[in-house]
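From first to last, the protein sequence lines are chains A and B. In terms of our numbering, the first sequence has 19 at position 19, counting the first letter as 1, and numbering is strictly consecutive. In our numbering, each number is its position in the second sequence, counted from 1, plus 1000. Don't be surprised by glycine CBs; every beta carbon is placed ideally from N, CA and C. To start, the structure under review is shown below, and the notes come after it.
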Amino acid sequence: MSKFTHALLWKLNLRAVIAIVGILVLVSGAGTYVYASSTSNFQQTINAGSLAIDIVDGSYVTVGSPSVTMSTATFSFTCQTITGTFGSASQNIYVSNPDAADNGWTASLAASATTAIWDSAGTDYDFNDNGGSGCTDGADTDTLGGQMTVDPSVGTLATGQCNSCVTTNITKGSSTAFLEGTTNSITVLTAAAASNDIGDWKLTGVSVSQKIPEEQPAASDYDINMVLSVVAS
Amino acid sequence: MSFSRLLVSVVAALATLLAALPAVAISYGGLGGRPAFPRPDNPRTNDIFVYTVEPGQTVADGMFVINTTDQTKTVWVYSADATPSSDGGFACEQLSASNQGASATKKDAGAWITLGQPQPALEAGATLPPEVTADSFFTPPTTTPTDDSDEDGDGLTATDEAQRGTNPKLVDTDGDGFTDQQEIVSGYDPLQPVALTLAPQTKILVPFRLAVPGTAGVGEHDGCLLIQEKKPPVAGGEGVLISTRTGLRVAVTVPGDIVRQLAIAGFEVRPRTPGGKVLRPSVRNEGNVSVDAEVAVVTKNLFGRTAMRHGGQYTILRGQTSAWNFEFPQTFWGGWYTTALTVAYNPDTGSGPGANASLTTLTGPTVRFFLWPTRSALIIMAAALLLLLLLVGLTMLARKRRQLISATWVRYRVETGDTIQELAKRWGVSWKLLARVNRLAAPYQLTAGVSLLSPPGSRPQPPRITA
């Protein structure tokens, strides 16, 4: 008989070990996670106001000229995709509702015009053309190719300064591509009637991608104007 | 001081401190609007504009444009047609498509709105005197003799200005930087967008008229009243340049053969990043007015217990299919889930937005899906399984030990000077095991001549014990 077997058989306190292992099995089998949150309550004075949307920094100060910086691309003989992130720690998408849209609201993103383009001092390209999967000019009013896709579903929605509001009943929109005349506006957030009547929310990390047609001339000043709207509905 | 007295003192001090806390002012600084004349019979009119208007009729109303920021803001105020956003959301046409007169880009409820003269600014929290109504700001048109004078020098005669509703004393009635005549010649609306400058914590009442044309079709027509900050163009900008605006829905129902009908268009379960599922019901409005639908998605686990409820009341616009992305996050333990969709709505054709009535319920498909456990859960499960195996092994070991003791242990006669610890050490076993097998109790003293069960090989060799 080996030393180990001998020890197991004749020296181990089996009752104690079985009791310990049994407790461990019970504990691990019944283990659950409890999510606790602080619910401090303070007196509040709610100033009169209106449903509003803004781009704010981490201190809730309006950003003067908000923008989404896209990744850098180099000249290419093939169609390529650049990406960006709408909503960040320094440029939060911010919706506040001081009891002004009790039946819900919708936040959406659209270009300042359906005929808008990525404009540069030289050549331009489109944001809402699905020709060649966004790589070539299709049957729209311009002669440019290019298509932008916005995906709010990958963003992170959080409450803002409110003490007790929640993100429940606010849903993020789906990944959608702009298409002139068909999809001119992309839903970013939808708040149901049961969402908090008083509250504020921040959205960050919305994915933006843009197809750039092949042989698009290099330029460092491509820009496009877009409008973020919130509408009480 | 006794403990109870100390406790009472501490609690009293904390209560006093909390009661003395100053009120914390939450100022959601923003730029937006609210209806100025909400109707008591429809609470929805606190937030949006809701009308039922016969073709050819006109209603007067007003909107407060509110600036609760700490900065002076200059804004455009304008009306626009509604336009569907993705997933059937409610959105409004852009300023570029809205500052023209009734045209191909502005032909529905947005084109029926005429903005009136903005009123003097009020404090943001001020209320209107009760005698002020929406009609107070419009005077009925009067027949006046032709007047060819042009007091403001904008190229329009007083008669022209009266017909178009422009101000005969202002070159640029809406203040958008273009004269009334320039806008009319170019096909733009000389009455909007209205440019307003609001000091911090103030609001301005903008009255408006909504004139439904005689040719308006039966059903709901949606438009918007929008407030958009006027910003100078960004020089040398790069990337996506963002501006923001706030809007209020204008829902106009033209009475007639109203149809309020919804149908479930689908119910999908999609993967979610970074884990879990997206439950995506979609509902189609087959009527000619918008419908407020109570959408409910209930997800149950394998044991029939409700794991999560999603849904709420959503407005489904006329002719649109609305879809929502309800997130079912990765659950810790994973497993099989079943999710079901129901949609309830008010089919009463006599009710508009904000009305209450009995509901019709549609039942959608039931979808089953599986979620993998999280990595931590997998580790815990593996550990639990290992522990369970260990428990089984130990139980088997205990059984084997009992069998061995019964089969192989022999009798030993205690000699003078033997102690249980010394015997256990000599025989290579635990003294506790020796005590337990021989039913010895503390203080475990041995008496010479007493017979003990001992492991095989212990001396002297007594006769074998049989079971």
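Whole-angstrom distance between residue j and residue i, CA atom to CA atom
| i | j | result |
| --- | --- | --- |
| D137(A) | I186(A) | 21 Å |
| G992(B) | P1271(B) | Nothing about residue 992(B) can be reported from this structure: the residues present for chain B run from 1001 to 1467 only. |
| H1310(B) | A1296(B) | 6 Å |
| F75(A) | T81(A) | 12 Å |
| L1452(B) | A16(A) | 24 Å |
| S108(A) | T1045(B) | 22 Å |
| E1093(B) | D1070(B) | 29 Å |
| V208(A) | D1150(B) | 52 Å |
| P1373(B) | V1075(B) | 52 Å |
| D151(A) | G1214(B) | 42 Å |
| L1391(B) | I23(A) | 10 Å |
| R1034(B) | D1047(B) | 6 Å |
| I1258(B) | N1288(B) | 6 Å |
| Y1188(B) | V1194(B) | 13 Å |
| S90(A) | A110(A) | 22 Å |
| T1146(B) | V1250(B) | 36 Å |
| T204(A) | I93(A) | 6 Å |
| T1366(B) | M1308(B) | 15 Å |
| G134(A) | M148(A) | 8 Å |
| N41(A) | T1058(B) | Reliability of the predicted coordinates at N41(A) is poor, the pLDDT of 39 falling under 50, and the value obtained from them is presented with this limitation in mind. Their backbone Cα atoms lie some 48 Å apart in a straight line. |
| Y1078(B) | G1062(B) | 13 Å |
| V1414(B) | A1377(B) | 55 Å |
| S175(A) | S153(A) | 7 Å |
| E1054(B) | A1060(B) | 14 Å |
Three-state secondary structure assigned by DSSP to residue i
| i | result |
| --- | --- |
| P1043(B) | helix |
| E1229(B) | strand |
| P1190(B) | coil |
| P1281(B) | strand |
| E1151(B) | coil |
| A1158(B) | helix |
| Q1094(B) | coil |
| T1058(B) | strand |
| S1290(B) | coil |
| E1327(B) | strand |
| Q1163(B) | helix |
| D1222(B) | strand |
| E1123(B) | strand |
| G84(A) | strand |
| G210(A) | As written in the sequence, residue 210(A) is Gln, which differs from the Gly given in the question. Strand. |
| V1343(B) | strand |
| P1255(B) | coil |
| P1168(B) | coil |
| P1271(B) | strand |
| I20(A) | helix |
| S185(A) | strand |
| L1248(B) | strand |
| T1173(B) | coil |
Buried versus exposed, by CB contacts within 10 Å (16 or more), residue i
| i | result |
| --- | --- |
| T1331(B) | buried |
| L1209(B) | The question names Leu, but residue 1209(B) is Arg in the sequence shown. Burial call: buried. |
| I212(A) | buried |
| E1131(B) | exposed |
| L1198(B) | buried |
| P217(A) | exposed |
| N1285(B) | buried |
| P1120(B) | exposed |
| T13(A) | Checking the sequence, you will find Asn at residue 13(A) rather than Thr. Per the 10 Å Cβ criterion, exposed. |
| K202(A) | buried |
| I55(A) | buried |
| R1318(B) | buried |
| F1303(B) | exposed |
Residue i Cβ short of 7 Å to the ligand GTP heavy atom set
| i | result |
| --- | --- |
| G1335(B) | Of the ligands one can find in the structure shown there are none, so the ligand GTP has no counterpart to examine. |
Whole-number beta carbon distance between residue j and residue i, since they are thought to touch under 8 Å
| i | j | result |
| --- | --- | --- |
| G122(A) | G131(A) | Actually they are not in contact, since the Cβ atoms of G122(A) and G131(A) sit about 21 Å apart, beyond 8 Å. |
| I1066(B) | S233(A) | Contact doesn't hold; Cβ gap of about 18 Å is too wide. |
| L1122(B) | T1202(B) | 7 Å |
| W1336(B) | R1368(B) | 7 Å |
| E215(A) | F77(A) | 6 Å |
| G160(A) | V206(A) | The pair is not a contact, with the Cβ atoms about 16 Å apart (cut-off 8 Å). |
| A1263(B) | Y1345(B) | A1263(B) to Y1345(B), Cβ: 11 Å. No contact. |
Problem set entry | Touching by the beta-carbon criterion (3+ pairs, under 8 Å), the region 1237-1248 of chain B and the region 222-233 of chain A | Yes, the region 1237-1248 of chain B touches the region 222-233 of chain A.
Exercise. Any chance the region 1318-1326 of chain B sits against the region 1357-1376 of chain B, with 3 or more Cβ pairs inside 8 Å?
Worked result: Per the Cβ contact rule, the region 1318-1326 of chain B is not in contact with the region 1357-1376 of chain B (fewer than 3 Cβ pairs under 8 Å).
Problem set entry | Three CB pairs or more closer than 8 Å across the region 194-206 of chain A and the region 98-113 of chain A | Contact holds: three or more Cβ-Cβ distances are below 8 Å.
Problem set entry | Contact between the region 1110-1117 of chain B and the region 111-128 of chain A (3+ Cβ pairs under 8 Å) | The region 1110-1117 of chain B is not in contact with the region 111-128 of chain A.
Problem set entry | Sufficient close CB pairs (3 or more, under 8 Å) joining the region 1146-1164 of chain B to the region 1219-1232 of chain B | Taking one beta carbon from each stretch, the region 1146-1164 of chain B and the region 1219-1232 of chain B have fewer than 3 pairs nearer than 8 Å; the two do not touch.
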